[in-house]
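Input: a single structure, listed below in structure tokens.
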Amino acid sequence: MKISTKGRYGLTIMIELAKKHGEGPTSLKTIAQANELSEHYLEQLIAPLRNAGLVKSIRGAYGGYELTSAPTQITAGDVIRVLEGPITPVEGIEDEEPAKRELWIRIRDAIKDVLDNTTLEDLASHSEDHEPEGYMFYI
């Protein structure tokens, strides 16, 4: 399964909104500039997220977008499904021989498990300090 720029940039929008949760609306222009992305492209991605009820728009001079729920209540899986569709690593899985079908199902379930158990709060609060340190090789 390959996540397109729709899914990746959509997740970027949602992470930025999660970081600003409770501070009022955030404009797409601000998100675009902070992440060096096209504001026009982000405008195309926000519509399905709004239609799915994940974000709401606020009009006016200080308008923008806000999450409709707490960042702990929205998962990466919610966002990816809205923008990418169902999570399926292989098309026509039912036509595969049993051993391969079982493998594809296990891969699909593992991907779903990660996406559905990773909240926007997890992603928004992630910092470089949480990165695992590089390997140390002794010769």
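Those letters in the sequence shown? Residues 1388 to 1526, per this note's numbering, in order.
Each residue gets a CB set at the ideal place from its N, CA and C atoms; glycine is no exception.
Under 8 Å Cβ to Cβ from Arg1488, same chain only, skipping five residues before and after it: list those, please.
Mapped onto the sequence shown, residue 1488 falls at position 101. Excluding its 5 nearest sequence neighbours in each direction, Arg1488 has C-beta neighbours in its own chain below 8 Å: Ile1480, Glu1481, listed in chain order.
Excluding the 5 residues flanking Thr1505 on each side, which residues of the same chain have their C-beta closer than 8 Å to its C-beta?
Within the sequence shown, numbered from 1, the residue matching residue 1505 stands at position 118. Annotation for Thr1505: Thr1462, Ala1463, Gly1464 place their beta carbon closer than 8 Å to its own, counting only its chain and skipping 5 residues before and after.
Beta-carbon separation of Gly1532 and Pro1412 under 9 Å?
Nothing can be reported for residue 1532: it is not among the residues displayed for the chain, which extend from 1388 to 1526.
To the nearest angstrom, how far is the alpha carbon of Asp1503 from that of Gly1409?
Residue 1503 sits at position 116 when you count from the first residue of the sequence shown. Residue 1409 sits at position 22 when you count from the first residue of the sequence shown. If you take the alpha carbons of Asp1503 and Gly1409, they lie about 23 Å apart.
Contact between the stretch 1425-1433 and the stretch 1395-1406: three or more CB pairs below 8 Å?
The stretch 1425-1433 vs the stretch 1395-1406: in contact.
By the 10 Å Cβ neighbour count, where 16 or more other Cβ atoms means buried, how is Ala1448 classified, buried or exposed?
Translated into the one-based positions of the sequence shown, residue 1448 becomes position 61. The residue in question, Ala1448, is exposed, as its Cβ has fewer than 16 Cβ neighbours within 10 Å.
I'd like to know whether the C-beta atoms of Glu1453 and Leu1415 end up nearer to each other than 9 Å.
Mapped onto the sequence shown, residue 1453 falls at position 66. Mapped onto the sequence shown, residue 1415 falls at position 28. Not a contact, by the Cβ cut-off of 9 Å.
Buried or exposed: Val1469, going by 16 or more other Cβ atoms within 10 Å of its Cβ?
Residue mapping note: residue 1469 aligns to position 82 of the sequence shown, counting from 1. That one is buried.
Is there a C-beta anywhere in chain B that falls below 9 Å from the one on Arg1437?
Protein chains in the displayed structure number just one, and chain B is not present.
Cα-Cα separation, Leu1507 to Ala1486
Working through the sequence shown from its first residue, we reach residue 1507 at position 120. Working through the sequence shown from its first residue, we reach residue 1486 at position 99. Distance between the alpha carbons of Leu1507 and Ala1486 is about 35 Å.
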